[in-house]
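Everything in the sequence shown is counted per this note's numbering, starting at 82 for the first residue and increasing by one. The C-beta atom is built at its ideal place from N, Cα and C for all residues, glycine as well. Please read these numbers as outputs of a predicted model, since none were measured by experiment. Below is one structure, written out as structure tokens; comments come after it.
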Amino acid sequence: ALAEERLEKVNQITNKITFKKTIYSCCVKRIIDILVSVLALIITLPINVIIGIITYFDVGRPIFFKQIRVGRNGREFQIVKFRNMKNTRDKNGDLLPPSQRVTRFGKFVRKTSLDELLNFWCILKGDMSLVGTRPPTLDEFAQYSPYHKKRLSFRPGLTGMWQVSGRSD
């Protein structure tokens, strides 16, 4: 709540952000994204098949979890990950909290980020980049101020500062 109270003041005192368009940001980065994602999809295909089979026996169908995220310039796109939670419900028919629905294999897949391997497809399609900010959910994006929306002037990334600086801490 304190952060929400400060947000308006922070938005008023922050400097306007401008981005330079360079040959790297316009072309080279995209070419690297395409080359690396094609290579990664080929290399990880056997791993994805194995994870898919184990996921089927672990949580059943569907084996994929799909979610709408917000990408470059506020454009919505769908990410796909391997499911790692069961749809276990309490006696009232409500879903149990996620911490009680994640399977052992699901915990392993999350901890090792193997569920993210399918997102190389999002990179190949152009919805994401290899490196960038994490793509927000629709709920997260709705809370962004105009200042924070500037981070979506670029494609969101599969990896970025959050993922490499202790995301679980």
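query: Just to confirm, are L195 and L239 a CB contact at a threshold of 8 Å?
result: no
field: I27 burial status per 10 Å Cβ neighbour count (16 or more: buried)
entry: It is not possible to answer for residue 27, since the shown part of the chain is limited to 82 through 250.
task: Could you check how far apart the C-beta atoms of G152 and L233 are, in whole angstroms? I think they sit under 8 Å.
output: 7 Å
message: Classify L177: buried if its beta carbon has 16 or more other beta carbons within 10 angstroms, exposed otherwise.
response: exposed
8 Å Cβ cutoff met for N129 and I160: no
field: Close beta carbons around R182, own chain, < 6 Å, minus the five adjacent residues each side
entry: M166, K167, T169
Every unbroken beta strand (DSSP E) within the segment 160-235, with a cutoff of 3 residues, ordered by chain: 210-212
D208 classed as buried or exposed, judged by whether at least 16 other C-beta atoms fall within 10 angstroms: buried
query: Relative to the alpha-carbon of I149, which residue among T103, G174, P216 has its alpha-carbon at the smallest distance?
result: P216
CB-CB length for I115 against L205, believed under 8 Å: 6 Å
query: Considering only residues of the same chain and omitting the five flanking positions on each side of I104, which have a CB-CB separation below 6 Å?
result: none
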